[in-house]
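Enquirer: My questions will all concern the structure given below.
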Amino acid sequence: MELIDGKKIADVVKQEIAAEVEKMVAEGRKRPHLAAILVGHDGGSETYVAHKVKACDQCGFKSTVIRYEDTVTEAELLDAIAKLNADDDVDGFIVQLPLPKHIDEQKIIEAVDYRKDVDGFHPINVGRLSIGLPCFLSATPQGIMELLGRYNIKTKGANCVVLGRSNIVGKPVASLMMQKAQPGDATVTVCHSRTENIAEYCRKADIIIAALGVPGFVTADMVKEGATVIDVGTTRVPSTETKSGFKLKGDVDFENVAPKCAYITPVPGGVGPMTIVSLMKNTLLAAQGAIYKK
Ligand code: L34
0 MELIDGKKIA
10 DVVKQEIAAE
20 VEKMVAEGRK
30 RPHLAAILVG
40 HDGGSETYVA
50 HKVKACDQCG
60 FKSTVIRYED
70 TVTEAELLDA
80 IAKLNADDDV
90 DGFIVQLPLP
100 KHIDEQKIIE
110 AVDYRKDVDG
120 FHPINVGRLS
130 IGLPCFLSAT
140 PQGIMELLGR
150 YNIKTKGANC
160 VVLGRSNIVG
170 KPVASLMMQK
180 AQPGDATVTV
190 CHSRTENIAE
200 YCRKADIIIA
210 ALGVPGFVTA
220 DMVKEGATVI
230 DVGTTRVPST
240 ETKSGFKLKG
250 DVDFENVAPK
260 CAYITPVPGG
270 VGPMTIVSLM
280 KNTLLAAQGA
290 IYKK
């Protein structure tokens, strides 16, 4: 069993990005600038946005966080988005999800100029992804593909089971895994809450990508000997062992599943850090006008 070290790969990619940024700056171009809108005080969102700001520093990017209380109105958010769309200094920006219930998330996502949509959530980017055109790839799926690629994990012809059909992970990662590309070229099955006999699909899988948000869902009896398991779950569960009072739990029963695997990602330190680094990559591409010309 080999542990897929997302943190280590993320550090390598950040160094590659930082080197690229210094080259741009030496040529007289401005530093890439990422902005993030953060609404409310959800613990996960606070942590993830703080990690994004830190990653910007490590990559030599400028970053701006725009904060709102969870009483913010949809109109106020739309106004903030319009300003960021029009701000030439901002290369890309994100609105950290989830948003409070009174705000229509889809409306917010569609208000972002797709050329600055470094989250890759806008329907134009999602549509382009699904037909294999250049686009901003959403961060978690891109991070997963990067890990599979850097570890030379064979995906061509592999049976890949994706657990979960969310717009930000399940659907896009299924698209990427089935694309004519390396990594890619897999035979993909997407399972979800209404799938019957999930365990049977999983047992036939060479690669399982678990993105349901159900801690410990994937158990040892569901995993074939020699499979690769990618754990996207990061649920916060109460814990007396940590000073924060919670622990991150993945969707995989790591302790019992790991011994059967060829490769497996840990939580934390697997997919999470790669999500952040993929956002950095998209921001660099946005600043360079590499996907959509400036
Ligand atoms: N708009 N909303 C928008 N874009 C995103 O790409 C996200 N996502 C998801 C939630 N909402 C979003 C993230 O940023 C999930 N996510 C995310 C980002 C980073 C990490 C986990 C999820 C991460 O850094 N995980 C670390 C541990 C973090 C901790 O200590 O709590 C890890 O090692 O897994």
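Numbering (numbering that gives the first Met the number 0), first residue to last: 0 to 293.
Just so you know, even glycine gets a beta-carbon here, dropped at the ideal spot from N, CA and C.
Keep in mind the model is a prediction, meaning the values are calculated, not measured.
If I measure Cβ to Cβ from A257 and keep anything under 7 Å in the same chain, skipping five residues before and after, which residues do I get?
Expert: Taking the sequence shown and counting its residues from 1, the one referred to as residue 257 is at position 258. Excluding residues within five positions, the ones whose Cβ falls inside 7 Å are M0, I263.
Enquirer: Please state if the CB of L162 and the CB of I208 are separated by a distance shorter than 8 Å.
Expert: Counting from 1 along the sequence shown, the entry for residue 208 is found at position 209. Counting from 1 along the sequence shown, the entry for residue 162 is found at position 163. Against a cut-off of 8 Å, the Cβ pair of L162 and I208 comes out as a contact.
Enquirer: Secondary structure at N166, three-state DSSP: helix, strand or coil?
Expert: Residue 166 sits at position 167 when you count from the first residue of the sequence shown. Here N166 sits in coil by DSSP.
Enquirer: On the DSSP bridge assignment, give the partners of H2 in chain order.
Expert: Numbered from 1 along the sequence shown, position 3 holds the residue referred to as residue 2. Per the sequence presented here, residue 2 reads as Leu, with His not at that position. Partner(s): I263.
Enquirer: With distances taken from CA atoms, which of E109, A35, E15 is nearest A49?
Expert: Along the sequence shown, read from residue 1 onward, the residue named residue 49 stands at position 50. Looking at the Cα atoms, A35 is the closest of the given residues.
Enquirer: Quick one: grab the DSSP three-state call for K155.
Expert: Here residue 155 refers to the residue found at position 156 of the sequence shown. If DSSP states are grouped into helix, strand and coil, K155 belongs with coil.
Enquirer: Along the chain, where does the alpha helix (DSSP H) that runs through C201 open and close?
Expert: For this step, residue 201 is matched to residue 202 along the sequence shown. Looking at the DSSP string, the run of the alpha helix (DSSP H) that includes C201 is 197-202.
Enquirer: Contact defined as beta carbons within less than 8 Å: I believe K53 pairs with H32. What is the distance between those atoms, to the nearest angstrom?
Expert: Taking the sequence shown and counting its residues from 1, the one referred to as residue 53 is at position 54. Taking the sequence shown and counting its residues from 1, the one referred to as residue 32 is at position 33. That pair is no contact at about 16 Å.
Enquirer: Just the C-alpha distance for G131 and T274, rounded to the nearest angstrom, thanks.
Expert: For the purposes of this step, residue 131 is taken as the residue at position 132 of the sequence shown. For the purposes of this step, residue 274 is taken as the residue at position 275 of the sequence shown. So the two alpha carbons sit approximately 20 Å from each other.
Enquirer: Decide if V89 is buried, meaning its Cβ has at least 16 other Cβ atoms within 10 Å, or exposed.
Expert: As a position in the sequence shown, residue 89 is number 90, starting the count at 1. Under this definition V89 is a buried residue.
Enquirer: If distances are taken between C-alpha atoms only, which option among K115, R202, R235, L136 comes closest to G42?
Expert: Stepping through the sequence shown from its first residue, residue 42 is reached at position 43. Selected option, being the one with the closest Cα: R235.
Enquirer: Cβ atoms of L136 and G119: under 8 Å apart, would you say?
Expert: The count along the sequence shown starts at 1 and reaches residue 119 at position 120. The count along the sequence shown starts at 1 and reaches residue 136 at position 137. Yes; because the gap between Cβ atoms is below 8 Å, this pair is in contact.
Enquirer: Anyone know if the C-beta pair for A226 and A261 falls short of 8 Å?
Expert: Taking the sequence shown and counting its residues from 1, one reaches residue 226 at position 227. Taking the sequence shown and counting its residues from 1, one reaches residue 261 at position 262. Yes, the Cβ-Cβ distance between A226 and A261 is below 8 Å.
Enquirer: In whole angstroms, what is the alpha-carbon distance linking R114 and T282?
Expert: Counting from one through the sequence shown, the residue named residue 114 turns up at place 115. Counting from one through the sequence shown, the residue named residue 282 turns up at place 283. Straight-line Cα distance between these residues: approximately 11 Å.
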